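Undergrad: Following this message is one structure expressed as structure tokens.
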Amino acid sequence: MQHQQITHQLTVYNSLNRKKELFNPLKPPFVGMYVCGPTVYGDAHLGHARPAITFDLLFRYLKHIGYSVRYVRNITDVGHLESDSDEGEDKIEKKARLEQLEPMEVVNFYTIQYHRMMDRLNVLRPSIEPYASGHIVEQIEMVKKILEKGYAYQSSGSIYFDVVKYSQSHHYGILSGRKLDDLLSSTRELSGQDEKRNSADFALWKKADPLHIMRWPSPWGEGFPGWHMECSAMSSKYLGKEFDIHGGGMDLLFPHHESEIAQSVIANGKPPVRYWMHNNMVTINGQKMGKSLGNALSLEDFFTGSHPLLEQAYSPMVIRFFMLQAHYRSTLDFSNAALQAAEKGLKRLLNAVREVDQIKAEISAERHDVVSIQKAAYEAMNDDLNSPVAIANLFEAVRLVNSVKEGHHRIHPEDLEVLKQFFEVFVFELLGLSEEDENQDQELVNGLMETIIQLRQQARQRKDYATSDLIRDKLAEINIQLKDGKEGTVWERK
RNA sequence: GGUCUCGUGGCCGAGUGGCUAGGCAGCGGUCUGCAAAACCGCCUACAGCGGUUCGAAUCCGCUCGAGACCUCCA
-11 MQHQQITHQL TVYNSLNRKK ELFNPLKPPF VGMYVCGPTV YGDAHLGHAR PAITFDLLFR
49 YLKHIGYSVR YVRNITDVGH LESDSDEGED KIEKKARLEQ LEPMEVVNFY TIQYHRMMDR
109 LNVLRPSIEP YASGHIVEQI EMVKKILEKG YAYQSSGSIY FDVVKYSQSH HYGILSGRKL
169 DDLLSSTREL SGQDEKRNSA DFALWKKADP LHIMRWPSPW GEGFPGWHME CSAMSSKYLG
229 KEFDIHGGGM DLLFPHHESE IAQSVIANGK PPVRYWMHNN MVTINGQKMG KSLGNALSLE
289 DFFTGSHPLL EQAYSPMVIR FFMLQAHYRS TLDFSNAALQ AAEKGLKRLL NAVREVDQIK
349 AEISAERHDV VSIQKAAYEA MNDDLNSPVA IANLFEAVRL VNSVKEGHHR IHPEDLEVLK
409 QFFEVFVFEL LGLSEEDENQ DQELVNGLME TIIQLRQQAR QRKDYATSDL IRDKLAEINI
469 QLKDGKEGTV WERK
């Protein structure tokens, strides 16, 4: 394979030390990767696309540089409480009651929708996609272990993790930088806290009150698992007690990931994760986009353009390209102008990728340092997945391709071959961009267009510009654009 | 209130001590019947103030501004 000549010194930013580190998997060539997936109780929105695309890029790149990756991304269908206390109602259950549906019906509906949206974004399916509700047994087993080791206590039928005891011998806050004293002192008065010994403690298992629909039998009565259990239980089941990468949104850093570490350290005897990776948030007008803020635009909204904030529809590939043009650890601010800029840039890139198959190489041509461009793109990827810089290098190649096409430069066969490889690998395989034109009638359309272009050409030859312009304008009305060049006329959809 | 992050040209967005990404928009040119596309050229920024240094967007301090987390959220 082409890329094996290039040294791969992949570094990733590890939230654990806030530093970039050389990536060394525990058992090469295998890599275990776990990413927090969606809670399936509502429409997939722009915020869901960020981690999905970020870790899709990582998944693709790890495979490309030769690793065998097991990528686990969960579906959360139980366990997240609605309100700000442990008295809250389960999200899935609340939605189910609202719509008079079975909880599993809600889960199914939104899971399918999530998958459909991710498919359109060309996000690869993970290797394993476990459901929290399908791993109640594993979660109960893990709670039992923590109880046996004395780091959890039972209170009114629920089981809580004893953060204060844990802190005496371990570092609660190792990930988030949170200090226990601050946690204990700054926490507000919340209802339902009286079951806990300390406000910083978190639930491992919650007793279900009589009205609660989602409930499972356990050694402590009927209930449901606590907020953070599923990820710990499922990641250790499928990836082992210690695995390479755990990803998710930055907002999950505390308390979710911090608590996962504490649970796993007690239950399994060691820190679960070697590299913690967190993507940053998507903002809208500078403010975080979130369901609770009422400014979450669904992916469907973007694809159809049917939202007051949107001036037009934005295709899945535009959304994907837009996200990849920013580094995953930066916030990304949404706006119509930014999306439109991305749309045009993507079009220019894909046009050039198409052109590269048309241009002719010449053995006598001057040489271009295309290998350096390709190398720079790899270096960018190795530098904590710097996709914006990789894309910048792609545009360097775009300029070269266009300039050869224009006849300003000629190109050597070897250089052309490198360029083709470069586009193929980076644009399609790694960045996961794809041509969106999946028209079944493409051949028919091509034939029709050929005829129309010929007729127009004849009109132009006899200087009948009224006719030639009419053809062009009419086609423009149905979003087909004609472009007259030296080699003749080509067309494309706008 | 506590913890943390950030402030880059008209817009988006890379860049963590010297070599001044990239995209979009704009301007000038080439090409063209006109247009579009493409190509060439131009626009050369780092919130403010002070400090460290031969040299700072990049390190340190202060000020101002924005955001995140502390509570379900990707």
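Numbering of the first sequence is given in the numbering used here, commencing with residue -11 and proceeding in unit increments. Where a beta carbon is used, it is the ideal one built from N, C-alpha and C, also for glycine. In this text, all values refer to a predicted model and were calculated from it rather than measured experimentally.
1) Quick one: give me the first and last residue of the beta strand (DSSP E) that residue 52 is part of.
2) Beta carbon of residue 264, beta carbon of residue 244: below 8 Å?
3) Kindly indicate which three-state DSSP category residue 299 falls into: helix, strand or coil?
4) How many whole angstroms separate the CB atoms of residue 200 and residue 90, which I take to be in contact at a CB cut-off of 8 Å?
5) Could you give the DSSP three-state label for residue 254: helix, strand or coil?
6) Counting only the same chain and skipping the five closest in sequence on each side, list residues whose C-beta sits under 6 Å from that of residue 71.
7) Look at the alpha carbon of residue 88 and the alpha carbon of residue 196, and state the distance between them as a whole number of angstroms.
8) Counting C-beta neighbours from all protein chains within 10 Å, is the total for residue 16 16 or more, i.e. buried, or is it exposed?
9) Look up residue 479 in the DSSP assignment and give the residues it is bridged to.
10) Could you tell me if residue 453 is buried or exposed, where buried requires 16 or more neighbouring beta carbons within 10 angstroms of its beta carbon?
11) As an exercise, report each continuous alpha helix (DSSP H) stretch of at least 4 residues that is fully enclosed by the segment 154 to 206, in chain order.
12) Between which residues of its own chain and residue 241 is the CB-CB distance below 7 Å, once the five residues before and five after are set aside?
13) My parser needs the alpha helix (DSSP H) runs of 4 or more residues fully inside the segment 365 to 449; what are they?
14) Taking 8 Å as the cut-off, does the segment 245 to 256 touch the segment 124 to 139 (at least 3 CB pairs, one atom from each stretch)?
15) In chain order, what residues of the same chain lie with their CB nearer than 8 Å to the CB of residue 277, ignoring the 5 residues before and after it?
16) What are the residues that DSSP puts in a beta bridge with residue 140?
17) For residue 289, report the span of its alpha helix (DSSP H) as first-last.
18) Does the structure place the segment 358 to 374 close enough to the segment 330 to 349 that three or more beta carbon pairs sit under 8 Å?
19) Which of the three DSSP states, helix, strand or coil, is assigned to residue 237?
20) Below 8 Å, how does it come out for the segment 46 to 57 and the segment 414 to 424: are there three or more Cβ pairs, yes or no?
21) Which residue marks the beginning of the beta strand (DSSP E) containing residue 484, and which one marks its end?
22) Nearest CA to the CA of residue 135: which residue from 99, 122, 120 and 151?
23) What residues match up with residue 359 in a beta bridge as DSSP calls it?
24) Kindly indicate which residue of 19, 85, 8 and -2 has the alpha-carbon position closest to the one of residue 29.
25) Using CA atoms only, rank isn't needed, just tell me which of 383, 184, 451 and 148 is closest to residue 340.
26) In three-state DSSP terms, what is residue 3?
27) Determine the DSSP secondary structure at residue 210, reduced to helix, strand or coil.
28) Excluding sequence positions up to five away, which residues of its chain have a Cβ less than 6 Å from the Cβ of residue 238?
29) Short check: CB of residue 447 to CB of residue 439, under 8 Å?
30) Under the three-state reduction of DSSP, which class applies to residue 334: helix, strand or coil?
31) Here's the rule I'm using: 16 or more other beta-carbon atoms within 10 Å means buried, otherwise exposed. How should residue 62 be labelled?
32) Alpha helix (DSSP H) containing residue 347: first to last residue?
33) Would you mind reading off the limits of the alpha helix (DSSP H) that contains residue 94?
34) Based on the DSSP secondary-structure assignment, which residues constitute the bridge partners of residue 9?
TA: Taking the definition as stated:
1) It is not in any beta strand (DSSP E) - residue 52 instead sits in the alpha helix (DSSP H) that spans 34 to 52.
2) No, the pair does not count as a contact, with Cβ atoms beyond the cut-off.
3) Reduced to three states, the DSSP call for residue 299 is coil.
4) About 14 Å separates the Cβ atoms of residue 200 and residue 90, ruling out a contact at the 8 Å cut-off.
5) helix
6) Because residue 71 sits at a pLDDT of 39, beneath the cut-off of 50, its placement in the model cannot be relied upon, and the following sentence gives the value as read from the coordinates. In the same chain as residue 71, and ignoring 5 residues on each side of it, no C-beta atom comes closer than 6 Å to its own.
7) 20 Å
8) Taking every protein chain shown into account, the CB of residue 16 has fewer than 16 other CB atoms within 10 angstroms, so this residue is exposed.
9) 470
10) Per the 10 Å Cβ criterion, exposed.
11) 168 to 174
12) 3, 163, 164 and 266.
13) 375 to 393, 401 to 411 and 430 to 449
14) yes
15) 33, 34, 35, 269, 270, 271, 283, 284, 285 and 322
16) 149
17) 287 to 292
18) no
19) strand
20) yes
21) The requested residue 484 is not part of the displayed model; the chain covers only -11 to 482.
22) 151
23) For residue 359, which the question treats as bridged, DSSP gives no partner whatsoever.
24) For residue 29, the nearest C-alpha among the options comes from 85.
25) The closest CA to that of residue 340, considering only 383, 184, 451 and 148, is found on 383.
26) coil
27) coil
28) 266 and 268
29) no
30) helix
31) Buried, because 16 or more other Cβ atoms sit within 10 Å of the Cβ of residue 62.
32) Per DSSP, residue 347 belongs to no alpha helix (DSSP H) and is neither H nor E.
33) 91 to 108
34) 0
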